[in-house]
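Residues in the sequence shown are numbered from 1 upward in steps of one, following our numbering. Comments concern the structure below.
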Amino acid sequence: MRRQRLDLEALEAVLLDMDGTLVDSDASVERAWTAWAGEYGADIARVLAVAHGSPAAHTVRRLLPALDASEVAEAARRQHALQYDDLADVAAAPGAHDLLAELDRLGLPWAVVTSADRRLAEARLHAAGIDPPLLLTVDDVRAGKPDPEGYLRAAARLGADPASCLVVEDSEPGLAAGRAAGMRCAALRGLDGDLRLLDLGQLAHLLRHARLRPWWRDAVGYQVYLPSFRDSTGDGWGDLAGVSAHLDHLARLAVDVVWLTPFFRSPMRDHGYDIADYRAVDPSFGGEAALDELLDQAHRRGMRVIGDLVVNHTSDAHPWFAAASSSRSEPRRDYYIWRDPAPDGGPPNNWLSHFGGPAWTFSPATGQYYLHLFRPEQPDLNWRNPALAAEIDAVIEHWLVRGLDGFRIDTAAYLVKDAGLRDNPPLPPGRLAPTLGTTLDWRRQDHRYDIHQPDVHAIHEQWRRVADRHGAFLLGEVYELDPVALARFVTGERLHSSFWFGLVETGWNPDRIDAMITAAVAASPRLSWVQGNHDRSRAATRYGGGMLGRRRSLALHVLMALLPGTAWLYQGEELGLGDGQVPPGQGADPLATAQPDQSRDVVRTPMPWRPGPGLGFTTGRPWLPGGGRLRSDTVAGQTGDPASHLNVLRRLLMVRRRLAGLLAVTDEVTRQEIGAPVTAYRRGDLWALANLRDTPSAEVELPAPAVFDSDDPAVTADRPKSGRIRLAPQQALLLAAR
Ligand code: GLC
């Protein structure tokens with residue numbers, strides 16, 4: 001049975017444990033129990049194993065069962081006495097003040113419910129600078145945790161229904177008390193709860209988002225290319241359990257939403273973008289149970305998960321196509337696009353497949369051609385058929401009920417084709433369509449009739465009605481590089497957002513990038529910012545390769561952190577990975593056969609978790625070669641180094657999370673001149689500054705205190721930096737005026 005998702009919007013009160021949850025008192029508690037164990041001759045290892053989260057009297061009773069009631073009370077008093085004056089290193093836990101300020105701002109009642117006695121609790125909370133509106137201690141109840149009385153009394157005093165209270169705990173007895181009170185539980189320290197929190201700042205962020213605006217506004221997204229993320233079975237092919245196993249990697253990156261590339265049943269001729277059953281999880285990815293587990297685990301970390309809706313085409317192995325191609329009179333015939341041969345017996349028009357050759361394949365059984373804008377094994381669906389449209393509505397509904405939080409929509413601007421299937425005109429000689437990821441022949445046509453037909457908006461509007469019933473997010477894959485034209489896909493009741501691929505289709509040119517971003521920001525506040533994906537060369541490679549490419553990509557991430565919309569990472573981008581090496585003959589991408597320089601294999605090599613054979617991706621033989629990764633490319637190799645790409649990005653995204661409340665104040669972003677060739681954007685009280693050039697900037701006065709500096713880990717929201725600075729090449733900062 002899957003747990004019901006926690007509805008943060010409906011919470012009536014938040015009830016927090018003290019020691020280890022709100023207050024970091026570990027050292028003091030340990031010292032006191034160590035001294036006590038010495039006095040009472042108890043085994044300290046056992047003491048520490050049972051003491052946490054329980055009232056002292058419980059611990060004493062468990063450890064020294066021979067004592068009578070008054071001796072137990074005395075031993076517990078002694079234990080507390082040892083702690084009363086030991087407040088030297090007691091402090092608020094990470095994120096505690098952020099959370100409490102957020103609760104006050106949101107008007108959400110809160111209380112502290114602790115197993116400490118009142119004198120100790122007041123002293124510790126005071127030392128941590130926390131003044132709770134309601135404090136319930138072990139002195140106020142008959143029995144302490146795991147008995148639910150403290151939590152129930154707190155709810156009653158706050159006038160909240162227990163079922164709408166959230167308990168926050170870092171110990172098993174505390175969680176047991178919360179559950180026994182019928183409350184939802186958020187757990188710290190890797191314990192299991194309705195929510196699994198890294199720290200209290202994360203809860204602050206989730207509440208802020210749930211209450212302020214739709215969850216996807218200003219969210220940080222992460223694309224998992226499923227076949228290459230992590231293999232849990234040793235067959236060399238990534239799977240859903242592999243993603244579940246690494247959700248904490250994503251949580252530490254402050255990721256709000258994960259996009260899974262297609263996990264549906266598929267013959268994998270385009271690695272999942274050829275679907276044979278829209279309602280089944282492919283066994284090679286772990287089947288239905290693995291998806292349920294992943295959704296549950298992600299939701300418990302406060303993360304959303306979106307799927308990949310691939311409905312421009314199906315696989316030729318889909319039963320709809322089997323039926324359609326069996327006879328011209330079969331009712332499903334019209335789910336696909338069939339035409340008689342041209343008078344010379346050739347294809348009906350001049351349209352081309354993205355992967356090479358004509359977009360039409362002759363089907364001898366019925367004597368007609370069918371259309372496929374991709375492989376012949378990916379026949380295009382007929383979106384002018386209302387019966388097909390209704391089938392897809394039901395598919396969307398099915399997955400949103402099942403627990404997905406939305407979809408990335410594959411080739412979202414394709415779907416409908418020109419009703420007359422007119423020939424595409426050629427582009428003037430020497431001109432090419434701007435999008436990569438296809439053949440040169442394809443780029444020589446003006447794609448006036450096969451893709452991007454205006455009727456597609458009506459389909460999006462219909463999906464939006466379905467999605468909005470579930471609070472789900474629809475994110476388009478639209479390769480329309482002109483942001484003004486792209487904005488038409490995300491106005492009104494169309495898609496919630498669309499990727500803007502300007503930064504994906506470009507190499508490095510600071511002035512051009514600057515101008516492109518300014519134009520995109522002006523076009524819409526609902527775009528999704530992205531530097532790379534599974535179809536295009538990786539950002540660090542396109543931006544110059546090596547350290548330079550990494551630093552340039554990072555500088556853009558700092559700007560992206562300020563811009564309205566959603567900001568995305570493609571798996572491995574957090575490591576600053578460049579394209580992997582794939583020796584000839586070892587690739588698998590259908591596009592590479594027709595257009596080797598556009599091979600997508602190089603961006604799909606396995607995620608390097610740690611050095612060594614298999615890279616921590618698999619214990620077997622990976623489906624694509626390892627890519628030639630170095631130790632310093634891996635998650636393990638970068639984790640311990642505070643200056644690694646991974647850690648700088650983590651710092652950036654954690655700071656951004658803290659600033660979410662300020663980001664929510666306005667979507668209006670303006671380009672600013674600050675007196676040096678530094679790219680500067682302002683959004684309300686927040687600024688992003690980046691030196692996109694390869695030379696140091698002139699000295700500039702920071703227009704607000706810096707809370708993040710790509711080159712200086714000492715700069716934080718708690719220790720901001722002000723004054724004049726010279727920005728090193730690619731150095732980038734976030735500033736907050738308050
Ligand atoms: C999208 C996908 C790509 C796939 C194509 C056909 O562009 O991102 O990987 O090959 O659609 O489904």
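All C-beta atoms in this analysis are idealised placements derived from N, C-alpha and C, irrespective of residue type, glycine included. Note that the structure is a prediction, hence the values are computed from the model and not measured.
_By the DSSP assignment, the alpha helix (DSSP H) with VAL113 in it spans what residues?_
Residue numbering aside, residue 113 sits at position 113 when the sequence shown is read from its first letter. That residue, VAL113, is in no alpha helix (DSSP H); its beta strand (DSSP E) goes 110 to 113.
_If I measure Cβ to Cβ from LEU768 and keep anything under 6 angstroms in the same chain, skipping five residues before and after, which residues do I get?_
One cannot answer for residue 768 here, as it falls past the ends of the chain, which runs 1 to 738.
*Which of the three DSSP states, helix, strand or coil, is assigned to ASP282?*
Numbered from its first residue, the sequence shown carries residue 282 at position 282. Of the three classes helix, strand and coil, the one that applies to ASP282 here is coil, per DSSP.
*Secondary structure of GLU122, DSSP reduced to three states*: Numbered from 1 along the sequence shown, position 122 holds the residue referred to as residue 122. Looking at GLU122 - three-state DSSP - the assignment turns out to be helix.
*Could you check where the alpha helix (DSSP H) with ASP709 kicks off and where it finishes?*
Translated into the one-based positions of the sequence shown, residue 709 becomes position 709. It is not in any alpha helix (DSSP H) - ASP709 instead sits in the beta strand (DSSP E) that spans 706 to 709.
*Under 8 angstroms from any heavy atom of the ligand GLC, does the C-beta of ARG384 make it?*
By one-based count along the sequence shown, residue 384 stands at place 384. No.
*Report the partner residues of ARG765 according to the DSSP bridge assignment.*
Residue 765 is absent from the structure shown; the chain starts at 1 and stops at 738.
*asked:* Which of the three DSSP states is assigned to PHE263 in this structure?
replied: The sequence position of residue 263 within the sequence shown is 263, counting from 1. PHE263 falls in the coil class under three-state DSSP.
*asked:* Assuming the contact rule is C-beta atoms closer than 8 angstroms, LEU481 and ILE409 should be a hit. Round their C-beta distance to whole Å, please.
replied: Reading the sequence shown from its first residue, position 481 is the one you call residue 481. Reading the sequence shown from its first residue, position 409 is the one you call residue 409. The Cβ separation is near 18 angstroms, so there is no contact.
*Under 9 angstroms between the Cβ atoms of ARG184 and ASP194?*
The residue you call residue 184 lines up with position 184 of the sequence shown. The residue you call residue 194 lines up with position 194 of the sequence shown. For ARG184 and ASP194, yes; Cβs fall inside 9 angstroms.
*Can you give me the start and stop residues for the alpha helix (DSSP H) that GLU39 sits inside?*
Position 39 of the sequence shown, counted from the start, is the residue given in the question as residue 39. Counting along the chain, the alpha helix (DSSP H) containing GLU39 begins and ends at 26 to 40.
*Grab the span of the beta strand (DSSP E) containing VAL220 for me, first residue to last.*
The sequence position of residue 220 within the sequence shown is 220, counting from 1. Its beta strand (DSSP E) spans residues 220 to 224.
*Thinking C-alpha only, which one of ASP597, VAL665, GLY580, PRO677 is nearest LEU630?*
Walking along the sequence shown from the start, residue 630 turns up at place 630. When only C-alpha atoms are compared, the closest one is GLY580.
_PRO386, buried or exposed, once every other Cβ within 10 Å from all chains shown has been counted against 16_ = Locating residue 386 in the sequence shown gives position 386, counting from the first residue. Exposed, since its Cβ has fewer than 16 Cβ neighbours within 10 Å.
*Assumed close pair ALA127, ASP24 - CB separation to whole angstroms, cut-off 8 angstroms*: Numbered from its first residue, the sequence shown carries residue 127 at position 127. Numbered from its first residue, the sequence shown carries residue 24 at position 24. Not a contact, Cβ separation roughly 10 angstroms.
*Report the three-state DSSP secondary structure of PHE407 (helix, strand or coil).*
Here residue 407 refers to the residue found at position 407 when the sequence shown is read from its first residue. In this structure, PHE407 counts as strand in the three-state DSSP scheme.
*In angstroms, rounded to a whole number, what distance separates the CA positions of ARG196 and LEU188?*
As a first step, residue 196 must be located in the sequence shown, where it is residue number 196. As a first step, residue 188 must be located in the sequence shown, where it is residue number 188. Approximately 6 angstroms, taken between the alpha carbons.
*Would you mind sorting THR593 into buried or exposed? The rule is 16 or more other CB atoms within 10 Å of its CB.*
The residue labelled residue 593 in the question sits at position 593 within the sequence shown. Exposed is the call here.
*Among the residues of its own chain, which have a CB less than 8 angstroms from the CB of PRO583, if the five just before and after it don't count?*
On the sequence shown, residue 583 is found 583 positions in, with the first residue counted as 1. Within the same chain, PRO583 has close Cβ partners PRO625.
*With burial defined as no fewer than 16 other Cβ atoms inside 10 Å of the residue's Cβ, what is the status of TYR370: buried or exposed?*
Here the question's residue 370 lines up with position 370 in the sequence shown. With 16 or more Cβ atoms within 10 Å of its Cβ, TYR370 is classed as buried.
*Pull up the distance between the alpha-carbon of TRP623 and that of ASP239, whole angstroms please.*
Position 623 of the sequence shown, counting from 1, holds the residue named residue 623. Position 239 of the sequence shown, counting from 1, holds the residue named residue 239. For TRP623 and ASP239, the distance between alpha carbons rounds to 12 angstroms.
*Just the C-alpha distance for ASP685 and LEU191, rounded to the nearest angstrom, thanks.*
Position 685 of the sequence shown, counted from the start, is the residue given in the question as residue 685. Position 191 of the sequence shown, counted from the start, is the residue given in the question as residue 191. C-alpha separation (whole angstroms): 37 angstroms.
*Would you tell me roughly how many angstroms separate the C-alpha atoms of VAL401 and ALA289, rounded to the nearest one?*
The sequence position of residue 401 within the sequence shown is 401, counting from 1. The sequence position of residue 289 within the sequence shown is 289, counting from 1. Cα to Cα, the separation comes out at about 16 angstroms.
*What are the boundary residues of the beta strand (DSSP E) that TYR370 is part of?*
As a working note, residue 370 is residue 370 in the sequence shown. Element bounds for TYR370: 368 to 371.
_Close-in-space but distant-in-sequence residues of the same chain around GLY95 (CB under 8 angstroms, 5 per side omitted)_ = Here residue 95 is taken as the residue at index 95 of the sequence shown, counted from 1. Within the same chain, GLY95 has close Cβ partners ASP199, LEU200, GLY201, GLN202, LEU203, ALA204.
*Have a look at MET1 and LEU166 and give me their C-alpha separation to the nearest angstrom.*
The sequence position of residue 1 within the sequence shown is 1, counting from 1. The sequence position of residue 166 within the sequence shown is 166, counting from 1. Low confidence applies here, because MET1 scores a pLDDT of 41, under 50, leaving its location unreliable; read the following figure in that light. Answer to the nearest angstrom: the Cα atoms are 21 angstroms apart.
*For LYS721, write down the residues that DSSP places opposite it in a beta bridge.*
Working through the sequence shown from its first residue, we reach residue 721 at position 721. Beta-bridge pairing links LYS721 to ALA706.
*Just how far apart, CA to CA, sit ASN349 and LEU388?*
The count along the sequence shown starts at 1 and reaches residue 349 at position 349. The count along the sequence shown starts at 1 and reaches residue 388 at position 388. The straight-line gap from Cα to Cα measures roughly 24 angstroms.
*LEU11, buried or exposed, once every other Cβ within 10 Å from all chains shown has been counted against 16*: As a working note, residue 11 is residue 11 in the sequence shown. LEU11 should be labelled buried.
*Residues near ALA342 in its chain [Cβ-Cβ closer than 7 angstroms; skip 5 each side]*: Position 342 of the sequence shown, counted from the start, is the residue given in the question as residue 342. For ALA342, where only same-chain residues beyond five positions count, the Cβ hits under 7 angstroms are PRO348.
*Let me know the secondary structure DSSP gives ARG304 once reduced to three states.*
Counted from its first residue, the sequence shown places residue 304 at position 304. ARG304: strand per DSSP, three-state reduction.
*CB of ASN533 to nearest heavy atom of the ligand GLC: below 8 angstroms?*
Counting from one through the sequence shown, the residue named residue 533 turns up at place 533. ASN533: yes, Cβ under 8 angstroms from the ligand GLC.
*Could you tell me whether any non-hydrogen atom of the ligand GLC is closer than 8 angstroms to the CB of ARG600?*
For the purposes of this step, residue 600 is taken as the residue at position 600 of the sequence shown. Yes, the ligand GLC has a heavy atom inside 8 angstroms of this Cβ.
*Within 10 angstroms of the Cβ of SER528, are there 16 or more other Cβ atoms? Answer buried if so, exposed if not.*
Walking along the sequence shown from the start, residue 528 turns up at place 528. So SER528 ends up on the buried side.
*To the nearest whole angstrom, what separates the beta carbons of GLY502 and ALA520, a pair I think is in contact under 8 angstroms?*
For this step, residue 502 is matched to residue 502 along the sequence shown. For this step, residue 520 is matched to residue 520 along the sequence shown. Contact flag correct, Cβ pair sits at about 6 angstroms.
*TYR273 beta carbon near the ligand GLC (any heavy atom closer than 8 angstroms)*: On the sequence shown, residue 273 is found 273 positions in, with the first residue counted as 1. Yes, the Cβ of TYR273 comes within 8 angstroms of a heavy atom of the ligand GLC.
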